[in-house]
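Peer 1: Mind looking over this structure? Questions follow.
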Amino acid sequence: MAKAKTPFEKAASKILERRGVSETQWKQEVLEKAQFDLLRGKDKDLEGYIYQREREKLVFDEIIKH
Numbered sequence: 008m009a010k011a012k013t014p015f016e017k018a019a020s021k022i023l024e025r026r027g028v029s030e031t032q033w034k035q036e037v038l039e040k041a042q043f044d045l046l047r048g049k050d051k052d053l054e055g056y057i058y059q060r061e062r063e064k065l066v067f068d069e070i071i072k073h
C-alpha cells in the first residue's frame, strides 16, 4: 500500500498535472539536475550533506564493530 501524500506532495502533483508534466518525469529531471550540479561542484549544500551522512555512517559502523 502506498503511503499517503503530504499536503506539499498533493499540491505539487496538482501543479505538475496542470503543466502537463508527469510526476515521474519531474522527479527524473530534478534528480538529473541535482546529479549534474553535484558533479560540476555547483551544489555545495548537497555535497556537504553527503559528506556528513557518510561521516556519520563511518563512525556508526566503527562503533558497531567494537
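If you're matching positions, the sequence shown starts at 8 in my numbering and goes up one per residue. Ideal Cβ placement from N, Cα and C applies to all residues, glycine included.
How is the alpha helix (DSSP H) around residue 41 delimited, first residue to last?
Peer 2: 30-46
Peer 1: Going by DSSP in three states, residue 10 sits in which element: helix, strand or coil?
Peer 2: Coil at residue 10, not helix or strand.
Peer 1: Under 6 Å Cβ to Cβ from residue 48, same chain only, skipping five residues before and after it: list those, please.
Peer 2: none
Peer 1: On the three-state DSSP scale, how would you describe residue 55?
Peer 2: helix
Peer 1: Hey, residue 54 and residue 46 are a contact pair by Cβ (cut 8 Å); roughly how many whole angstroms apart?
Peer 2: Not really, about 10 Å apart at Cβ, beyond 8 Å.
Peer 1: My guess is that residue 30 and residue 20 are in contact by the Cβ rule of under 8 Å, so how many angstroms apart are they, rounded?
Peer 2: 6 Å
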